[in-house]
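Asker:
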Amino acid sequence: MTLLPAKKTTRRIASKISHHFTRTRSSTRSIQKNRHERPQKPIIPFISHLKQIDDPESALRLFHEYQRQGFKHDYPSYAAVVYMLSRRRHFEALQTFLDHIRDNKIRCQETIFIAVMQHYGDCGLSDRAIQLFKQIPSFNCNRSSESFNNLLNVLVSNGRVSDAKDMFSRSSMMGIRLNSVSYNIILKGCVRNDEWVEACSMFEKMLDRKVPPTVVTYNTLIGFLCKKGDMEKAFRLLDDMTRKAKYPNAVTYALLMEGLCSIGKYDAARKLIFDMEYRGCKPGQVNFGVLITDLGKRGKIEEARSLLVEMKRRKFKPDVVTYNIFINYLCKEGRATDAYKFLVEMQVEGCQPNSATYRMMVDGFCRIEDFERGLRVLNTMLTSGHCPRVDTFCSLIFGLCEMEKLADACFVLEEMEKRKKEFNSEAWEALTRHVCEAEDTHALLLLSELVIDTHDD
DNA sequence: TCAGGCCGAC
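Here it is as C-alpha cells:
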C-alpha cells in the first residue's frame, strides 16, 4: 500500500526533471542567440519543485536526483531542504543533511540554524538545540546575539531556566553581547518560576548596565503581576513606564484587562478600552479578545456577540483568534451548529480559519455526534493543509463506524495512515467489529493492509 | 529573536 504511491511519485519526479532539463536547454539557446539582451532572472526549478512534495524521503531523493542530473545546488537549495526536514520533524535525516552541508563547505546563514533550533525546542529537544548552537561556527557562520537569544528562549520554554541563566552569565566567553531581548527572556524565565525578587533584581541589572528596557520588558513584569491579581503594582509599573517614555502598547493594556477580568472586574477592563484610546493607544484585536474570552467563560455568548458587532461598527476587523473564541465556547456548550455559523461568517468576511478553528469544529461536531458534518469539516481541513489530532481522527472513525458508514470510516483511516498517525485501541476495536459484522470486502482488505503496515513499522 | 486574546501538545 505504501510502495505503490512511492513508485508513482518517483515516476512523476523523473518526468518533471526531464521536462525541466529540456526547458533549460532551450532557454540557454535563446540567450546565446540574443547576446545583447539582458539575461533573464534564473528560475529556481529545484525549490519550486520541492514545494510540491510533502514527504521528506521524496524531497531528499529529488535533491540527489537533481544533483545526479548535473544540477548544481546552491545555498537556497540547501536551506529549502533544511527548512522542510525540520518543519516535518525528520531530525535524523536533518542531521545527516546538515553533516553533508558542513562536509561540502556550503556557507550558511544564521537564520537556518535559528529555525532548526526553534523546531528542536518545540519538540522538547533542547539538548540538540544547544549542540547545534555550539556547532554554528563549524558551518563557516558567525554566531550573533540573535541565535544566542533563540537558544535562551528554547531553554526557558523547555523549563530549563537555570541552564538559561547559566548560559546568560557565560555569554561574553562566547563572544556574545547581551541585549534587551536577552534580558527579557531571562525575565520571562524568572516570572515563570515565580521568582519575582530575582526578576526585579534582573531588571535593576539591566538599568545598571545601560541595557534599555523595552515595552516587552515592562509587559513581562506587568503580565506577572496581573496573573497574581496584584493590580495596584501593575498599574504603578504602567505609570513608571509612561514616565520613562516607554509607551504602553495594546498588549500592555490587554494584560491589565486580563488581570481585571480575573478578579471579576469586567466593567473596569471594558473601560480600559476607552482609556487607552484616550491616551493615544489604538485598541487591537487582542483587547477585544480578552473581553470576549471573559464573557465566553461566563457563558455570556450573546453579550460577546454584541461586542463583536460593536467591533465591526468601529471598524476593527475581527481576526481568526476572535472568531475562534466564539467557536470554542459554542462547541464546548454543545452548540456546534451555532459555532459553524461563525465559521461561515468569518470566511464571508475574508478571514481564513486556522488549525485551531478546524480542530474545535471537528471536535464540536463529534461531541454532538454529528459525524457526517464532522467529516465534511475534516475534508475542508485536510484540503487546506491542516491536520487534526489523533484523538479527533479516532472519535470520527468510531462515530462513523457506529453509524455504519464504513466507507467514510475507511477514508478517515487512510488519511490518518497517509499522515503516519497511529490509532488508539478503541478505534481499532470499533473498526474491526464493524468490518466483521458488515462483511465489507473493501474495508476488510484495507484493514488487513493497515495491520500489516502497522506491524512493518 | 523577547511580551499578548483561541486549540492543545508539552
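Here full-length UniProt numbering is used: position 177 in the first sequence is 177, and no number is missing along the way. Yeah, the Cβ is synthetic: ideal placement off N, Cα and C, and Gly gets one too. Every value quoted in this text rests on a predicted model; they were computed, and no experiment measured them.
Helix, strand or coil for PHE316 per DSSP?
Answerer: Position 316 of the first sequence, counting from 1, holds the residue named residue 316. Here PHE316 sits in coil by DSSP.
Asker: Rounded to whole angstroms, what is the Cα-Cα separation between PHE398 and GLU404?
Answerer: Here the question's residue 398 lines up with position 398 in the first sequence. Here the question's residue 404 lines up with position 404 in the first sequence. Straight-line Cα distance between these residues: approximately 10 Å.
Asker: For the alpha helix (DSSP H) containing VAL286, name the first residue and the last one.
Answerer: Position 286 of the first sequence holds residue 286. It spans 285 to 297 - the alpha helix (DSSP H) in which VAL286 sits, taken as one unbroken run.
Asker: Restricting to runs no shorter than 4 residues, where is the alpha helix (DSSP H) found entirely within the region 317 to 355?
Answerer: Runs of the alpha helix (DSSP H) inside the region 317 to 355: 320 to 332 and 336 to 348.
Asker: Taking the continuous alpha helix (DSSP H) assigned at THR380, which residues delimit it?
Answerer: Within the first sequence, residue 380 is the residue found at index 380, counting from 1. Unbroken alpha helix (DSSP H) run through THR380: 371 to 383.
Asker: Report the option in ASN158, GLY159 and PHE148 whose CA atom is closest to the CA atom of SER169.
Answerer: Indexing the first sequence from 1 puts residue 169 at position 169. Checked all of ASN158, GLY159 and PHE148; the closest Cα to SER169 is PHE148.
Asker: Compare the C-alpha of TYR358 against each of GLU349, PHE393 and GLU333 and name the closest.
Answerer: Along the first sequence, one-based indexing puts residue 358 at 358. The shortest C-alpha separation from TYR358 is found at PHE393.
Asker: So, with DSSP's three-state summary, where would you put ARG236?
Answerer: What you label residue 236 is simply residue 236 of the first sequence in a count that begins at 1. Three-state DSSP puts ARG236 in a helix.
Asker: Grouping DSSP H, G and I as helix and E and B as strand, with all else coil, what is ALA268?
Answerer: For the purposes of this step, residue 268 is taken as the residue at position 268 of the first sequence. Note: ALA268 maps to helix in three-state DSSP.
Asker: Does the beta-carbon distance from ALA59 to MET84 come in below 7 Å?
Answerer: As a working mapping, residue 59 is identified with position 59 in the first sequence. As a working mapping, residue 84 is identified with position 84 in the first sequence. It is a contact, given that the beta carbons lie within the stated cut-off.
Asker: Looking only at its chain, what residues have a beta carbon closer than 6 Å to the beta carbon of LEU295, apart from the 5 residues adjacent to it on each side?
Answerer: Translated into positions along the first sequence, residue 295 becomes position 295. So the list reads GLU303 and ALA304, once near-sequence residues are dropped.
Asker: Going by Cα to Cα distance, which pick from THR337, HIS119 and THR380 is closest to CYS366?
Answerer: Translated into the one-based positions of the first sequence, residue 366 becomes position 366. Nearest of THR337, HIS119 and THR380 to CYS366, Cα basis: THR337.
Asker: Do you know how far the Cα of ILE53 is from the Cα of ALA14?
Answerer: The residue labelled residue 14 in the question sits at position 14 within the first sequence. The residue labelled residue 53 in the question sits at position 53 within the first sequence. With a pLDDT of only 32 at ALA14, under 50, the local geometry of the prediction cannot be trusted, and no value is derived from it.
Asker: Where does the unbroken alpha helix (DSSP H) through ARG389 begin, and where does it stop?
Answerer: As a working note, residue 389 is residue 389 in the first sequence. Unbroken run through ARG389: none, as it is neither H nor E.
Asker: What is the DSSP secondary structure of ASN153, counted as helix, strand or coil?
Answerer: As a position in the first sequence, residue 153 is number 153, starting the count at 1. In this structure, ASN153 counts as helix in the three-state DSSP scheme.
Asker: Express the C-alpha separation of LEU237 and ASP163 in angstroms, rounding to a whole number.
Answerer: Locating residue 163 in the first sequence gives position 163, where the first residue counts as 1. Locating residue 237 in the first sequence gives position 237, where the first residue counts as 1. Cα to Cα, the separation comes out at about 29 Å.
Asker: I think residue 546 touches LEU255, with their Cβ atoms under 8 Å apart; what is that distance to the nearest whole Å?
Answerer: The shown model of the chain, from 1 to 457, leaves out residue 546, and the question about it has no answer.
Asker: Rounded to whole angstroms, how far is the Cβ of residue 470 from the Cβ of PRO248, which I believe are closer than 8 Å?
Answerer: As displayed, the chain neither begins before 1 nor continues past 457, which places residue 470 out of reach and without an answer.
Asker: Give me the Cα-Cα distance between GLN95 and GLU277, rounded to the nearest whole angstrom.
Answerer: For the purposes of this step, residue 95 is taken as residue 95 along the first sequence, with counting starting at 1. For the purposes of this step, residue 277 is taken as residue 277 along the first sequence, with counting starting at 1. Rounded to whole angstroms, GLN95 to GLU277 spans 51 Å at the Cα level.
Asker: Should THR441 be labelled buried (16 or more other beta-carbon atoms within 10 Å of its own) or exposed?
Answerer: In the first sequence, counting from the first residue as 1, residue 441 sits at position 441. Exposed, since its Cβ has fewer than 16 Cβ neighbours within 10 Å.
Asker: Are the beta-carbon atoms of LEU400 and ASP391 separated by less than 7 Å?
Answerer: Against the first sequence, residue 400 aligns to sequence position 400. Against the first sequence, residue 391 aligns to sequence position 391. Not a contact, by the Cβ cut-off of 7 Å.
Asker: Would you identify the three-state DSSP class for SER201, choosing helix, strand or coil?
Answerer: The residue given as residue 201 occupies position 201 in the first sequence. Three-state DSSP puts SER201 in a helix.
Asker: State the start and end residues of the unbroken alpha helix (DSSP H) segment that holds LYS51.
Answerer: Position 51 of the first sequence, counted from the first residue, corresponds to residue 51. Residues 45 to 51.
Asker: Within 10 angstroms of the Cβ of MET167, are there 16 or more other Cβ atoms? Answer buried if so, exposed if not.
Answerer: The residue given as residue 167 occupies position 167 in the first sequence. Answer is buried; the Cβ neighbour count reaches 16.
Asker: Which value, in whole angstroms, describes the spacing of the CA atoms of GLU437 and GLU402?
Answerer: Residue 437 sits at position 437 when you count from the first residue of the first sequence. Residue 402 sits at position 402 when you count from the first residue of the first sequence. Using only the alpha carbons, I get a separation of about 12 Å.
Asker: Are there 16 or more other CB atoms within 10 angstroms of the CB of ARG107, so buried, or fewer, so exposed?
Answerer: Taking the first residue of the first sequence as 1, we reach residue 107 at position 107. With fewer than 16 Cβ atoms within 10 Å of its Cβ, ARG107 is classed as exposed.
Asker: Might you give, ordered along the chain, the residues of its own chain that have their beta carbon closer than 8 Å to the beta carbon of THR28, omitting 5 neighbours on each side?
Answerer: Start at 1 with the first residue of the first sequence, and residue 28 comes out as number 28. With a pLDDT of only 34 at THR28, under the threshold of 50, the placement of this residue in the model should not be trusted, and no figure is reported.
Asker: Using alpha carbons as the reference points, say which of GLY299, PRO76, LEU307 and ASP275 lies closest to THR289.
Answerer: Working through the first sequence from its first residue, we reach residue 289 at position 289. In the sequence on display, residue 289 carries Gly and not Thr. For the residues GLY299, PRO76, LEU307 and ASP275, the minimum Cα distance to GLY289 belongs to LEU307.
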